[in-house]
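Chemist: Start counting the sequence shown at 183; every next residue gets the next number (our numbering). Ideal Cβ placement from N, Cα and C applies to all residues, glycine included. Let me begin by handing over the structure; questions about it come next.
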Amino acid sequence: MLEHSRICQNKTLYKAGSTHTGICELCTQLHHPCLTHTIKLIVRDALKVMKPTVHKVKAAVENFHRSTVGAEKLKFTQCQMGMPELRPKQDCTTRWNSTFYMLKQFLESNDAIVSTLAIVNAPVDALTQEEWEVVEVYRVLEPFEQVTVEISTVSS
183 MLEHSRICQN
193 KTLYKAGSTH
203 TGICELCTQL
213 HHPCLTHTIK
223 LIVRDALKVM
233 KPTVHKVKAA
243 VENFHRSTVG
253 AEKLKFTQCQ
263 MGMPELRPKQ
273 DCTTRWNSTF
283 YMLKQFLESN
293 DAIVSTLAIV
303 NAPVDALTQE
313 EWEVVEVYRV
323 LEPFEQVTVE
333 ISTVSS
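Structure follows, in structure tokens:
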């Protein structure tokens, strides 16, 4: 099948964790996992530990996306604090780096976000000190994001 498609038999690329792994092993061919997919699997497992905190952050961010009053108050608060006016980024469950960017921006804008949530009396649970420390763990994901961006740039 590979010869018919003119694919070099000793080099196949597959999505790590897929059933194709078994097929390649049965065919006794040398195979290499896709690096970006392997990174995704590693980070996804790491994020599982942070899930409760990520859900709290996501709830706060969603509040600003659903409430125009909250969004306007956040812009005003950011302006008063001399911060860039940024709409909080929402994560997408299928893209780990969206969670990375959401946590990063949430931490960078935490003073404005916490103040605004209190002012608008948002129905969102405040993060504990321990949860803020969990949010700071996003920095561990930075090298994975850099490699993913670099690989994606090279692949394009």
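Quick one: using the 10 Å Cβ neighbour count with 16 as the cut-off for buried, is residue 335 buried or exposed?
Modeler: Counting Cβ neighbours within 10 Å, residue 335 comes out exposed, since fewer than 16 surround it.
Chemist: From which residue to which residue does the alpha helix (DSSP H) around residue 291 run?
Modeler: Unbroken run through residue 291: none, as it is neither H nor E.
Chemist: Out of curiosity, what's the CA-to-CA distance linking residue 234 and residue 267?
Modeler: The alpha-carbon atoms of residue 234 and residue 267 are separated by roughly 27 Å.
Chemist: Tell me whether the region 244-253 and the region 302-310 touch, counting them as touching only if at least three CB pairs, one residue from each stretch, are closer than 8 Å.
Modeler: Touching, yes, given that three or more Cβ pairs across the two stretches are closer than 8 Å.
Chemist: Find out if the Cβ-Cβ distance for the pair residue 217, residue 278 is shorter than 9 Å.
Modeler: Result no, Cβ atoms of residue 217 and residue 278 do not sit closer than 9 Å.
Chemist: Quick check on the DSSP output: the alpha helix (DSSP H) that includes residue 252 runs from which residue to which?
Modeler: Per DSSP, residue 252 belongs to the alpha helix (DSSP H) from 250-262.
Chemist: Quick test of the definition: if touching needs 3 or more C-beta pairs under 8 Å, does the region 286-302 touch the region 312-325?
Modeler: With the cut-off at 8 Å, the region 286-302 and the region 312-325 touch.
Chemist: Taking residue 253 as the reference, give the member of 296, 227 and 232 with the closest Cα.
Modeler: Closest option to residue 253, Cα to Cα, is 296.
Chemist: Under the three-state reduction of DSSP, which class applies to residue 269: helix, strand or coil?
Modeler: Reduced to three states, the DSSP call for residue 269 is coil.
Chemist: Under a Cβ-count criterion, where at least 16 other Cβ atoms within 10 Å of its own Cβ denotes burial, should residue 294 be classed as buried or exposed?
Modeler: Looking at its Cβ environment, which holds 16 or more other Cβ atoms inside 10 Å, residue 294 is buried.
Chemist: How long is the line joining the alpha carbons of residue 183 and residue 269, rounded to whole angstroms?
Modeler: Reliability of the predicted coordinates at residue 183 is poor, the pLDDT of 47 falling under 50, and the value obtained from them is presented with this limitation in mind. So the alpha carbons of these two residues sit roughly 50 Å apart.
Chemist: Kindly list the residues whose CB is nearer than 7 Å to the CB of residue 238, restricted to its own chain and excluding five residues on each side of it in sequence; keep chain order.
Modeler: Cβ neighbours of residue 238 beyond the five flanking positions: 307, 309 and 313.
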